[in-house]
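Residue numbers (the numbering used here): 91 to 487. First up is the structure itself, then whatever we jot down about it.
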């Protein structure tokens, strides 16, 4: 049986008070066991963060909902609760960034965002015309060697490539060059020191989309391209369903997708060589894009583990877009930082099949242990850590 309830529930404890007629002292009854000393426990903070940063609830919308349900929770109070919690669980975010830097495959992209304090700073700066004035939220999804995925968000004036460069600065020496998957915008490419190399691949879905957009005007030509790319995606799905390793997947694509892409490349080249395409038309632009970035678009035929597209990062950015559509902006840089932290933790839980509500609760309950050993409090291993802790307590008892 399923029951409905308010997102944030409350229990009111009315403690009896008695005054001594002789000495005048007032004696208050003890609170029941489990009442706790804090007015807002960790579950309240976790639920507010989930609604705000996981589901796009604006502060005032949650305030109105709670008011209607008879459990008032002002927007300012919600904001203070999550800000205090963010400080408490910051070590988990720092560890996520460190581990993401060690990833084998890293996706990145960005989307526009508004931070009011940054907009005011730009308006008050007389020299800002020569500088960047846009504000962006970068999404980074990193696949680490255990097969776990980490989702990170960074909001500010930096582009996706610059934020990725900051993350990769924490990459351990001696690791193989990671694969970076992004679209072909130059701002997505990081500027790295010479000793740090990456293997860049571009998103095949972006190239495909250009043909989809002009299908109505060039149905026959686009049909051939789209069917060819459809065969490639079909092969990739076969590799996924069969649980192939990176090397097996590479050989499978080389055997089955390689001839398809070779035939497609020959056809694309012939369109220009035989002057079948009108210059500057939509089809001309789509074919030019595909040929220009052919090597990076076909990285899956050259490198083990190279993905076909950047869709996993595009999906991650939907969280930020949902926030932008519902709340319109962040007020301050610190507010944006808090949002990035909770979005990163929540989305990483979702990527790894963990319960974000329980995860945020446990981080707060074990804040001291989190500070000491953050690596064992990640979304994919915190349940094992809790089990080990419980076993030690049982042995001690």
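Just so it is clear, CB atoms sit at the ideal spot from N, CA and C, and this is done for glycine as well.
- The criterion of a C-beta distance shorter than 8 Å is satisfied by residue 293 and residue 272.
- Residue environment for residue 276: exposed (fewer than 16 other C-beta atoms within 10 angstroms of its C-beta).
- Cα atoms of residue 253 and residue 324: separation of roughly 33 Å, rounded to the nearest angstrom.
- When 300, 415, 98 and 413 are compared, the shortest CA-CA separation from residue 380 is found for 300.
- For residue 444, the CB contacts under 6 Å within the same chain, skipping 5 residues up- and downstream, are 469 in chain order.
- For residue 93, the number of other beta carbons within 10 angstroms of its own is below 16, and it is reported as exposed.
- Here residue 413 is not near residue 154, since their CB atoms are 8 Å or more apart.
- DSSP places residue 108 outside any alpha helix (DSSP H); the residue lies instead in the beta strand (DSSP E), whose first and last residues are 107-109.
- Counted as a single uninterrupted DSSP element, the alpha helix (DSSP H) harbouring residue 448 occupies residues 446-455.
- Under the three-state reduction of DSSP, residue 395 is assigned to coil, being neither helix nor strand.
- Taking C-beta separations shorter than 7 Å and ignoring five residues to either side along the sequence, the partners of residue 307 in its chain run 372, following chain order.
- Contact check between the region 418-430 and the region 203-210: three or more CB pairs, one atom from each, fall below 8 Å, which counts as touching.
- Sequence-distant Cβ neighbours of residue 224 in its own chain, meaning closer than 8 Å and more than five residues away, are 202 and 247.
- Note that the C-beta distance between residue 267 and residue 287 is below 8 Å.
- Here DSSP, grouped into helix, strand and coil, assigns residue 363 to helix.
- The beta carbon of residue 406 sits closer than 7 Å to those of 229, 231, 241 and 437, all from its chain and outside the five residues before and after it, given in chain order.
- Between residue 297 and residue 387 a beta carbon distance of about 6 Å is seen, short of the 8 Å cut, so the two are scored as contacting.
- Taken in chain order, the unbroken stretches of beta strand (DSSP E) that lie wholly in the region 206-266 and span 3 residues or more are 226-233 and 239-246.
- Beta-bridge annotation (DSSP): residue 291 is paired with 271.
- By a beta-carbon distance limit of 8 Å, residue 96 contacts residue 156. Their separation comes to about 7 Å.
- Residue 161 places its beta carbon less than 8 Å from that of residue 99.
- Per DSSP, residue 314 is one residue of the alpha helix (DSSP H) stretching across 309-331.
- DSSP places residue 102 outside both helix and strand once states are collapsed to three, so it counts as coil.
- Residue pairing by DSSP places residue 93 in no beta bridge whatsoever.
- Membership of residue 199 in any alpha helix (DSSP H) is not indicated; the residue belongs instead to the beta strand (DSSP E) covering 195-202.
- Restricted to the region 388-437, not a single beta strand (DSSP E) segment is unbroken, complete and at least 3 residues in length.
- Within the DSSP bridge table, the entry for residue 118 names 107 as partners.
- Our two residues, residue 181 and residue 467, have alpha carbons roughly 10 Å apart in a direct line.
- Taking C-beta atoms as the reference points, residue 191 and residue 257 count as a pair closer than 8 Å.
- Taken through DSSP and simplified to helix, strand or coil, residue 304 comes out as coil.
- Spanning the alpha carbons of residue 346 and residue 403 requires a straight line of approximately 27 Å.
- With contacts defined by Cβ atoms closer than 8 Å, residue 410 and residue 175 do not form a contacting pair.
- Membership of residue 154 in the alpha helix (DSSP H) is indicated by the continuous run 149-158.
- Of the candidates 111, 320 and 106, the residue whose Cα lies closest to the Cα of residue 118 is 106.
- Counting only the Cα atoms, residue 143 lies some 14 Å from residue 150.
- Per DSSP, the unbroken alpha helix (DSSP H) holding residue 373 starts and ends at 372-382.
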